[in-house]
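**Q**
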Amino acid sequence: MFLRKTLPLLICFFCGVFAIVGFFSAEGTAINTYYEKLAKWNSIIAAFAMLLGVGNLIRVNFIKITRNHHDKIYCAILIASLLITATFGILGGVYPTKIDPANPQLMDFFKNKCAYIFEYMMKPMQSTMFSLLAFFVASAAFRAFRAKSFEATILLVTAFIVMLGRVPIGTSIWPGFAGISEWILSTVNMAGSRAITLGAAVGATAACLKIILGLETRYLGGE
Amino acid sequence: MGKVLEFFKTLDRRIIFLFIAIAVVITLINPMYLEINISKNARTYIKVLDSINENETVIVSFDYAASGEPELKPMAYGILYRLFQRKAKVIMMGFWDQGPSLADNTVKQVIERFEKDYPDRKIVYGKDYINIGYKAGGFTVIINMSKAIKEIFTADKDGAPISDFEIMNKIDKLSDIKMVFALTGGNNGLLDIWLPFARQQYGIPVAGGCTSVSAPQFYQYMNSGQLSGLLDGFKTAAELLKAIELPYTDPETKKPANLLTKEVHKIADVQSIVHLIIMIFIIIGNVTYLYEKKYSKQQ
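Below you can see the structure in the form of structure tokens.
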């Protein structure tokens, strides 16, 4: 019980309080110095979190393969891609300084392979995924963007003006679209966006306080 | 009329996809080269870039992945080119793991173009610019950079110690940086790292660049003065490229040349046409809806 719940809660409480006080304390003070040390720990934890993520990804997908899940082929591709890319990336990255600085050919081999994977596989695949958005947005807009009420009509008209103002063809039709679009984004949108941001920030502060004070414990797992 | 109404009501989404695809291909093959006018945001950005003087060091943060590159790379291109024109020192880095690799590709192209435009200038790695790579940890990296950059970034992207490079001689901490240009493709970048920590906590001016889809959330920071400048999507990136004048005259237009290439023009045209098609489909959808409403009332 102590190790599973009380100790993590205590660590969370002290780190949370320390981070808040450290953030607002003047530079050069003892608490600010330790706050910066805490930040360094966070960087280390973040690096380990990445390892944890990779480990978890392999575990979850490996289980699916062993249990003959219908997506097992994709799981296998994912694990193979991960391992191949990581091998070339790690060896190409650490090789020059850590293993054998006198052998540049081998270093170049790993580096080039990693760059090849990135340039000719990763980049086109990610760009393709993102480009598909244009198709889905068009389809979704056709089905969902209806002037069903007065508010929806205002939204529709505003969207049309902004859409025209954000592309050269809009200003070719009427130069005023750019100005109105800019005004909508920097005045009307800004007011709404700021209200949402402030509201969300207050909500996030409350949620963080609940975690720091131990009132919210779901992050420890279980109920 | 009922049949037409029914057709549009049950329109297969693949027809919409087909229209978009045809429009994109036709525009790419036969571009219109629509006029690109320089907006207020792009003009502000140029002023921000021009506030950087010779030998002043700036950070350009590539916080995006390949998916954001079509919109953000033209921004990075323009920013780097202008900074080299200003003879500034550039430190490139990224809070996204793919960022520094994308930075390498972009800077290579910028240097190739720059050295053609300015044959008397040579841009040297380690002297004029450096790529210090990716670092996990988000805002805590900024906190550590405020104390000692060389402690948190010990080596450049390729593993060479950064202390060996001339560009880092006068740089110890974040306060030695004149300005940060953060190009962001989503979370973990401008909004949650550079603005609250580099700008708010340590007072380093920050100018940003983002994709069109995420732009609305950034205007509030422009209005409050927390963001020195904002490139909000591909359109302003193209405008920035147009605003950057080159040291010679364009043989076609007989006007001072700029960085706006035909390729960028083509993409802007494609964006225009896709926006138009989406609008036409929205209009069709609404006409169908309103007609159906009226028709059902009559019955």
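Top line first, the protein sequences correspond to chains A and B. So the number in our numbering is just where the residue sits in the first sequence, counting from 1, plus 708. So the number in our numbering is just where the residue sits in the second sequence, counting from 1, plus 3. Don't be surprised by glycine CBs; every beta carbon is placed ideally from N, CA and C.
1) What's the call for Trp99(B), buried or exposed, on a 16-neighbour Cβ count within 10 Å?
2) Hey, would you say Tyr292(B) sits closer than 8 Å to Arg854(A), going by beta carbons?
3) In chain A, what lies closer than 8 Å to Phe20(B) by C-beta?
4) Express the C-alpha separation of Gly136(B) and Asn108(B) in angstroms, rounding to a whole number.
5) Using a Cβ-Cβ distance cut-off of 8 Å, determine whether Lys748(A) contacts chain B.
6) Pull up the distance between the alpha-carbon of Ile174(B) and that of Lys181(B), whole angstroms please.
7) In terms of alpha-carbon separation, which member of Val216(B), Tyr84(B), Leu186(B) and Tyr205(B) lies closest to Leu263(B)?
8) Hey, would you say Leu193(B) sits closer than 8 Å to Cys213(B), going by beta carbons?
9) Could you compute how far the alpha carbon of Leu717(A) sits from the alpha carbon of Ala24(B)?
10) With 16 as the cutoff for other CB atoms within 10 Å, does Phe756(A) come out buried or exposed?
11) Would you mind giving the Cβ-Cβ distance between Phe65(B) and Leu105(B), rounded to the nearest angstrom? I have them listed as a contact below 8 Å.
12) Give me the chain A residues within the contact set of Glu38(B), using Cβ-Cβ distance strictly less than 9 Å, ordered along the chain.
13) Assess contact between the region 201–212 of chain B and the region 127–136 of chain B, defined as three or more Cβ pairs (one per stretch) separated by less than 8 Å. Is contact present?
14) For chain A, find out if any of its Cβ atoms is closer than 8 Å to the Cβ of Glu72(B); answer yes or no.
15) Would you list, in sequence order, the uninterrupted alpha helix (DSSP H) runs of no fewer than 4 residues that lie entirely inside the region 815–870 of chain A?
16) Report the three-state DSSP secondary structure of Glu248(B) (helix, strand or coil).
17) Within the region 155–212 of chain B, note down every full alpha helix (DSSP H) run reaching 4 residues or more, in order along the chain.
18) Mapping DSSP to helix, strand and coil, what is Lys150(B)?
19) May I ask you to list, following chain order, the residues of the region 892–903 of chain A that have a beta carbon less than 7 Å from some beta carbon of chain B?
20) Does the beta-carbon of Phe237(B) have 16 or more other beta-carbons within 10 angstroms, so that it is buried, or is it exposed?
21) If you follow the beta strand (DSSP E) that Ser64(B) is part of, which residue opens it and which one closes it?
**A** Walking through what the data contain:
1) Trp99(B) should be labelled buried.
2) It is a contact, given that the beta carbons lie within the stated cut-off.
3) Near Phe20(B) (Cβ distances below 8 Å), the residues of chain A are Phe843, Ala846 and Ser847.
4) Going by C-alpha positions, Asn108(B) is about 13 Å away from Gly136(B).
5) Yes - at least one Cβ of chain B is within 8 Å of the one on Lys748(A).
6) Whole-angstrom Cα-Cα distance: 11 Å.
7) Ranking Val216(B), Tyr84(B), Leu186(B) and Tyr205(B) by Cα distance to Leu263(B) puts Tyr84(B) first.
8) In terms of Cβ geometry, Leu193(B) and Cys213(B) form a close pair [threshold 8 Å].
9) Answer to the nearest angstrom: the Cα atoms are 54 Å apart.
10) When all chains shown are included, Phe756(A) counts as exposed.
11) Correct: roughly 6 Å between the Cβ atoms.
12) Under the 9 Å cutoff, chain A gives Pro876, Thr879 and Ser880.
13) No contact exists between the region 201–212 of chain B and the region 127–136 of chain B.
14) When Cβ-Cβ separations below 8 Å define contact, Glu72(B) makes contact with chain A.
15) When DSSP assignments are scanned along the region 815–870 of chain A, the uninterrupted stretches of alpha helix (DSSP H) that are 4 or more residues long and fall wholly within it turn out to be 831–852.
16) Secondary structure at Glu248(B): strand, using DSSP grouped into helix, strand and coil.
17) If we require 4 residues or more, the region 155–212 of chain B turns out to have no alpha helix (DSSP H) run fully inside it.
18) Reduced to three states, the DSSP call for Lys150(B) is coil.
19) Residues passing the 7 Å Cβ filter: Leu893, Ser894, Asn897, Met898, Ser901 and Arg902.
20) So Phe237(B) ends up on the buried side.
21) Element bounds for Ser64(B): Thr60 to Asp66.
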